[in-house]
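Asks:
In this note's numbering, the protein residues as written are 32 to 205.
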């Protein structure tokens, strides 16, 4: 009986239209504006904000429920080639200036570009903050919060992220 009643409930249909609208402005339309490399693998529930300032390299894999937010004015996000995003990774090129009064939502936004090198792995729920620069071959552990620079081939973990190891890459050519 409940199924039959919900089928004819206009509120359920209104909610469906809200969901479709959200998906359109947070995923479908932005994908047309992003500078996108060849052969990407992008989960259908990835959310983009200010896509005209997002550049994604070749063969990038974006996991489920990732959020990639360029700043509202001039913050940019550049992602290199062969980068792997686990689920729920968050990149944001903007944050509030929280010590300049109250409420925090009335404060100015501070923006800084994010740069992610080639062959980087961002594990589940990693958070990359404005101004972060992650070097080629680096690994960011699950739940790590990155602010600042990560050297090439470093493995970082924690909040704030600290170097906990070094990645070594075997050369198969020689």
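Every residue, glycine too, gets a C-beta built ideally from N, C-alpha and C.
1. According to DSSP, what are the bridge partners of residue 125?
2. Locate the beta strand (DSSP E) running through residue 86, then write down its first and last residues.
3. DSSP state of residue 188, grouped into three classes?
4. So, using beta-carbon positions, are residue 101 and residue 74 closer together than 8 Å?
5. State the start and end residues of the unbroken alpha helix (DSSP H) segment that holds residue 58.
6. Between residue 32 and the rest of its own chain, which residues show a CB-CB distance below 7 Å, the 5 nearest in sequence each way excluded?
7. Go ahead and pull the three-state DSSP assignment for residue 79.
8. Examine the Cβ distances between the region 134–141 and the region 149–156 and report whether three or more of them are shorter than 8 Å.
9. State the beta-bridge partners of residue 116 as determined by DSSP.
10. Taking 8 Å as the cut-off, decide whether the C-beta atoms of residue 111 and residue 161 are in contact.
11. Measure how close the beta-carbons of residue 122 and residue 108 come, nearest whole angstrom, since I'm counting them as under 8 Å.
12. Does the distance from the CB of residue 175 to the CB of residue 192 come in under 8 Å?
13. How should residue 99 be labelled, buried or exposed, when 16 other C-beta atoms within 10 angstroms of its C-beta is the threshold for buried?
14. Between 200, 119, 168, which lies nearest to residue 185 when the distance is taken from Cα to Cα?
15. Should residue 63 be labelled buried (16 or more other beta-carbon atoms within 10 Å of its own) or exposed?
Replies: According to the structure data:
1. 142
2. 85–87
3. strand
4. Annotated as distal: residue 101 and residue 74, with beta-carbon spacing of 8 Å or more.
5. Looking at the DSSP string, residue 58 is not in any alpha helix (DSSP H), and its letter there is neither H nor E.
6. Here the set comprises nothing.
7. strand
8. no
9. 93, 153
10. no
11. A Cβ-Cβ separation of about 6 Å places residue 122 in contact with residue 108 under the 8 Å criterion.
12. yes
13. buried
14. 168
15. exposed
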